[in-house]
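For reference, the structure is listed below as structure tokens.
Residue numbers (my numbering): 10 to 313.
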């Protein structure tokens, strides 16, 4: 956080060092296990690469890289260290967080096309196009990390908490909030709602209704996980932006924002665990219930 001399954040940072360990260690253990298992299954047992499996393995890879950056993030937050290594860790962390956001949005759009526009799906969807989209996402998020780098800063202790003024500038933060969160959130919300509406429109009596409702619950859960994971942290980023722009000047308010931002960054990492669980059940449920229904063309969702 931005720390003018008259406002101390030492007690906030001290508290967060303890909470960060309590929150991050379980996330690291479960997240690494789940995402390594997902990558092994996709790479070793998958017979054919489909659009969904391509997006999911890229999502698991992004979550895995983010999790691998957590021990270094905790170390640099507590002890400081070599500035260049801290910058690389910071870039790795944020690149993979936004990589995950964009890939989740791509998965939602891919399923929306498959379910709501089945006749256009064969033209718009293919494994090759899915690889191109994922490659484009990785290029964009790495290029977007350039403002993070500051080779002239020598303050090692505040590496993860005090990014440069350029990183907190209006163009950077507006781009992060609009392109990094609000647009993907709109895509995920719109596609999820439309998919749910379509599933409910085709509901039938008896057992089929229960199966369709299971799919509806999974899509709704994916949407809620996205909102709960990423909305608080982007609210915290915006509030901290107001602090750095001297719009918010009250010391107690700035201390509260500092705590809120650091806490939401920690809690957002839970998404790395929930992604693997949610999309596993989503793939299983869609494959089980819709793969044999050509009239609905939902076999396009998961062809493997």
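Note that CB positions come from ideal geometry on N, CA and C, so glycine has one too.
Spatial distance of residue i from residue j (CA atoms)
i: residue 1; j: residue 59; result: Only positions 10 to 313 of the chain appear in the structure, and residue 1 is not among them; the question remains open.
i: residue 203; j: residue 111; result: 19 Å
i: residue 244; j: residue 256; result: 15 Å
i: residue 70; j: residue 83; result: 21 Å
i: residue 103; j: residue 141; result: 21 Å
i: residue 222; j: residue 209; result: 8 Å
i: residue 151; j: residue 100; result: 8 Å
i: residue 273; j: residue 241; result: 6 Å
i: residue 304; j: residue 25; result: Confidence is the limiting factor: at residue 304 the pLDDT is only 43, short of 50, which leaves the residue's position unreliable, though a coordinate-based value still follows. Near 54 Å, if we compare the C-alpha coordinates of residue 25 and residue 304.
i: residue 64; j: residue 115; result: 8 Å
i: residue 136; j: residue 19; result: 51 Å
i: residue 32; j: residue 275; result: 7 Å
i: residue 117; j: residue 196; result: 7 Å
i: residue 254; j: residue 16; result: 16 Å
i: residue 264; j: residue 30; result: 20 Å
i: residue 259; j: residue 98; result: 31 Å
i: residue 122; j: residue 22; result: 46 Å
i: residue 192; j: residue 278; result: 20 Å
i: residue 199; j: residue 227; result: 15 Å
i: residue 57; j: residue 107; result: 27 Å
Proximity to residue i [Cα-Cα], best of the options
i: residue 43; options: 76, 228, 56; result: 76
i: residue 248; options: 54, 179, 30, 283; result: 179
i: residue 205; options: 38, 197, 126, 225; result: 225
i: residue 109; options: 86, 271, 239; result: 239
i: residue 284; options: 45, 21, 123; result: 45
i: residue 149; options: 191, 138, 105; result: 105
i: residue 74; options: 55, 147, 27, 124; result: 147
i: residue 27; options: 268, 237, 57, 280; result: 268
i: residue 79; options: 36, 246, 190, 194; result: 36
i: residue 286; options: 234, 53, 139; result: 234
Residue i: CB within 8 Å of a non-hydrogen atom of the ligand GTP
i: residue 111; result: Looking for the ligand GTP in the displayed structure turns up nothing, as the structure carries no ligands at all.
- Task: Tell me the start and end of each unbroken beta strand (DSSP E) in the stretch 43 to 120 that is at least 3 residues and wholly inside, in chain order.
- Result: None, since the stretch 43 to 120 contains no complete beta strand (DSSP E) of that length.
- Item | Every unbroken alpha helix (DSSP H) inside the stretch 199 to 255 [4 residues or more] | Counting only runs of 4 or more, we get 216 to 253.
- Message: Within 8 Å, do at least three Cβ pairs link the stretch 129 to 149 to the stretch 175 to 184?
- Response: Output reads no: the stretch 129 to 149 does not touch the stretch 175 to 184.
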